[in-house]
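Novice: When we follow this note's numbering, the leftmost residue of the sequence shown carries the number 12, and every step to the right adds one.
Take a look at this one; I'll ask things after.
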Amino acid sequence: MIKHIVMFKLKNEFNGKTAMENAKEAQEKAEKLRDLVPSLEKMEVVCNSPDADGTNYELALICEFKDIEGLNEYQKHPEHIKFGEFISQMRESRACIDYEY
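Here's what the structure looks like:
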């Protein structure tokens, strides 16, 4: 199994919305990928707690795949690419790790 964890630090303000408002919108969009990408075995999309440190990343995606081929399929999937284009406009930075377990 492969676990793919991605965290996004969002701009403080984008398109008239706060980082947390944008994180919630991105969360809703990302959750739709569950039903659209066949190789995606499991997915959790979470927003940072409003009571947590403000320097934390606002959004994280935790995904599981059967193998690296499944992860590669996910990354090339048209809906994943659309999500990437959407979030790239509002993100300040991105951190990612992929590991076998």
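Virtual Cβ for every residue (Gly too), placed ideally from N, Cα, C.
Checking 7 Å against the spacing of the C-beta atoms, do Leu72 and Val17 come in under that value?
Specialist: yes
Novice: Please identify the residue among Gly95, Lys22 and Lys14 whose C-alpha is closest to the C-alpha of Met54.
Specialist: Lys14
Novice: Would you kindly check if the distance between the Cβ of Lys20 and the Cβ of Ser104 is under 7 Å?
Specialist: yes
Novice: State the DSSP-derived secondary structure class of Ala71, mapped to helix, strand or coil.
Specialist: strand
Novice: Excluding the 5 residues flanking Asn132 on each side, which residues of the same chain have their C-beta closer than 7 Å to its C-beta?
Specialist: Residue 132 lies beyond the stretch modelled for the chain, which goes from 12 to 112, so this question has no answer here.
Novice: Hey, would you say Phe94 sits closer than 7 Å to Lys40, going by beta carbons?
Specialist: Against a cut-off of 7 Å, the Cβ pair of Lys40 and Phe94 comes out as a contact.
Novice: Just tell me which of Glu84, Glu80 and His91 has its CA closest to the CA of Gln38.
Specialist: His91
Novice: Leaving out five residues before and five after Asn23 in sequence, what residues of the same chain have Cβ atoms less than 8 Å from its Cβ?
Specialist: Thr29 and Ala30
Novice: With burial defined as no fewer than 16 other Cβ atoms inside 10 Å of the residue's Cβ, what is the status of Tyr85: buried or exposed?
Specialist: buried
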